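Okay, so here's the structure we're looking at.
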Amino acid sequence: MGGIYLVNKNNDSINLQINPQKGWQSMPGKLWMKTYLWNCDIKIVDHLLQVESKWSRIK
1133 MGGIYLVNKN
1143 NDSINLQINP
1153 QKGWQSMPGK
1163 LWMKTYLWNC
1173 DIKIVDHLLQ
1183 VESKWSRIK
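In my numbering, the protein residues as written are 1133 to 1191.
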């Protein structure tokens, strides 16, 4: 995988974004996800992690 990732933390919230601009190859063959952004929000509540994530098409 090649591209850009961002990690932001604000108090008990963490946001991750992954933009695999050069594609991702799970096995030899076609590249995947070059035009998608993965966004993940993590919240820490009572020492437990709550995670919400999704892929969005950006092109």
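For glycine and all other residues, C-beta sits at the position ideal for the given N, C-alpha and C. Values in this document were obtained by computation on a predicted structure and should not be read as measured data.
For the pair glycine 1134 and lysine 1154, the CB atoms are nearer than the 7 Å cut-off.
Look at asparagine 1143 here: in three-state DSSP terms it is coil, with no helix or strand label. In this structure serine 1185 does not touch tryptophan 1164 by the C-beta definition: roughly 16 Å separates them, more than the 8 Å allowed.
Note: glutamine 1149 is bridge-paired with Leu1138, Asn1171 in the DSSP secondary-structure output.
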